[in-house]
Amino acid sequence: MELLIQILIGLVVAFAVYNLIHYLFVTRPSRRRTMLAQQVCNEAVRAAVHALMTAKTLKPFDDNDLRSEQIAEVWGRGVMAFEYHLPINNVSQSIPDFKQALVKALAEYGDDHHMHVHSGEVDRPAFVVTDIWQLDNRLHFDVAYLVNLTTVEYVDDLNRLSR
């Protein structure tokens, strides 16, 4: 009986140590990387949206109406893609036209800040609009920040699915 109790205590301690090590060396750094990537992506999207407001593609609105959420939890660890939404009333173009304007504004932001992705023989923009849709009175769009191979593969997989 004493041996059984020692085995159970050993298993509980091993489980606790494993979870602590996993949290310290995997979970916490991964969250930190994702938060930093989200800050960079938020800055790029905010600048692109302000450029679109200047170009009259978007009607002016408060920055608090532009919100982002991580979608990495859905697609897996390491995917640096974020969902943004803004009031649909502020978009003065059709959704496909707005997407093209947003893609162009994000590419210009990347060019201005020397942010490109070199994958294979192709030089790609660092920020890619992967999806856009309207739900109720909000326009939602996903932006991927191609900062790592996992995100590049995610975007390539989405492109393969849309063909």
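So the sequence shown is numbered by this note's numbering: it starts at 2 and just counts up by one. Just so you know, even glycine gets a beta-carbon here, dropped at the ideal spot from N, CA and C.
Reduced DSSP secondary structure (H/G/I, E/B, other) of residue i
i: residue 128; result: strand
i: residue 97; result: helix
i: residue 133; result: strand
i: residue 62; result: coil
i: residue 164; result: coil
i: residue 147; result: coil
i: residue 86; result: strand
i: residue 104; result: helix
i: residue 67; result: coil
i: residue 50; result: helix
i: residue 32; result: helix
i: residue 141; result: strand
Nearest-angstrom Cα separation, counted from residue j out to residue i
i: residue 11; j: residue 23; result: 18 Å
i: residue 71; j: residue 81; result: 8 Å
i: residue 51; j: residue 124; result: 25 Å
i: residue 1; j: residue 138; result: Because the chain in this structure spans residues 2 to 164, residue 1 falls outside the shown range and cannot be described.
i: residue 66; j: residue 135; result: 15 Å
i: residue 164; j: residue 154; result: 16 Å
i: residue 55; j: residue 29; result: 39 Å
i: residue 85; j: residue 69; result: 4 Å
i: residue 161; j: residue 13; result: 45 Å
i: residue 96; j: residue 53; result: 13 Å
i: residue 27; j: residue 16; result: 16 Å
i: residue 157; j: residue 62; result: 33 Å
i: residue 159; j: residue 150; result: 14 Å
i: residue 115; j: residue 19; result: 41 Å
Residue i versus the options, residue with shortest Cα-Cα distance
i: residue 83; options: 154, 29 and 143; result: 143
i: residue 43; options: 18, 127 and 89; result: 127
i: residue 109; options: 35, 19, 46 and 14; result: 46
Beta-carbon proximity list for residue i, same chain, < 7 Å, skipping 5 on both sides
i: residue 58; result: 93, 94, 99 and 102
i: residue 104; result: 130
i: residue 132; result: 142 and 143
Contact belief for residue i with residue j at Cβ below 8 Å, rounded distance in angstroms
i: residue 106; j: residue 145; result: Residue 106 to residue 145, Cβ: 15 Å. No contact.
i: residue 111; j: residue 119; result: No, residue 111 and residue 119 are not in contact; Cβ-Cβ is about 13 Å, not under 8 Å.
Same chain, Cβ closer than 8 Å to residue i, neighbours up to 5 away in sequence not counted
i: residue 152; result: 79, 80, 81, 82, 145 and 146
i: residue 31; result: 78 and 79
Own chain partners of residue i with C-beta closer than 6 Å, once the 5 adjacent residues on each side are dropped
i: residue 148; result: 38 and 81
i: residue 21; result: none
i: residue 140; result: 87, 89 and 92
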